[in-house]
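Q:
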Amino acid sequence: MPIRYIGREPFHKGKSLFEICRQLRDLGVGRVVYRKSFALKWPTQLSYYRLTQVTPDMTCKEFCKGTAWGQMVFRGKETGLAEITSGHKFDWILVPKEEEEEYCKSPEVFDVDKIAIPKYIACPPLLEIVLKQEIKAKGMPVPEKIQIPFYADEYKKEITER
410 MPIRYIGREP
420 FHKGKSLFEI
430 CRQLRDLGVG
440 RVVYRKSFAL
450 KWPTQLSYYR
460 LTQVTPDMTC
470 KEFCKGTAWG
480 QMVFRGKETG
490 LAEITSGHKF
500 DWILVPKEEE
510 EEYCKSPEVF
520 DVDKIAIPKY
530 IACPPLLEIV
540 LKQEIKAKGM
550 PVPEKIQIPF
560 YADEYKKEIT
570 ER
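Heads up, the final residue of the sequence shown is numbered 571 in this note's numbering, and it's a clean run with no missing numbers.
#1: Between residue 442 and residue 455, how many whole angstroms is the CB-CB distance? I'm expecting something under 8 angstroms.
#2: Distance check for residue 424 and residue 501, CA to CA, integer angstroms please.
#3: Residue 483 by DSSP, collapsed to three states: which one?
#4: Would you mind sorting residue 444 into buried or exposed? The rule is 16 or more other CB atoms within 10 Å of its CB.
#5: On the DSSP bridge list, what partners appear for residue 490?
#6: If you reduce the DSSP assignment to three classes, tell me which class residue 475 lands in.
#7: DSSP puts residue 464 in a beta bridge; with which residues?
#8: At the level of alpha carbons, what is the spacing between residue 437 and residue 508?
#9: Look up residue 542 in the DSSP assignment and say whether it is helix, strand or coil.
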């Protein structure tokens, strides 16, 4: 009987950050690592860490836990020193030392101000039906499509905090 998989294919294939670092000199301090999932989401906008401090948890038998810090570049924009909280995930890739300089040259930088934010968004179907019934009950002309004003202040704030 053949094996049949249900659901999406997992993208966490590879090694954890600490598995990679334990095989490097000085636990990989100064080396460049990136997550495969970030590279798949934003292929033109590079996201990576240049490791500054790595402390693996020696009580874990698989060496997949610990704490790490590094200079973070998120979608081409340098964000400074940050703790790496996703080091336990199994999708980290080490950039070879010969390719580090070329890899770190980011071709495209993510800019929040360049995002086209709509002024109005489409009304959910059920809400649209209810609003049309209320407008009709008041005796006013019913519009063909109802749109809701979109206030983007919180949306922009959420994007910049990442």
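Glycine included, every Cβ here is placed at the ideal spot set by N, Cα and C.
A: Reading off the structure:
#1: Between residue 455 and residue 442 the Cβ distance is about 12 angstroms, and since that is not below 8 angstroms, they are no contact.
#2: Distance between the alpha carbons of residue 501 and residue 424 is about 6 angstroms.
#3: DSSP places residue 483 in the strand class (E or B) of the three-state scheme.
#4: Classification of residue 444: buried, given that the 10 Å Cβ count is 16 or more.
#5: DSSP output for residue 490 lists 480 as bridge partner(s).
#6: Residue state, collapsed to three classes: strand.
#7: Under DSSP, residue 464 takes part in a beta bridge, and its partners are 476.
#8: Taking the straight line from one Cα to the other gives about 15 angstroms.
#9: DSSP places residue 542 within a helical segment (H, G or I) once states are collapsed to three.
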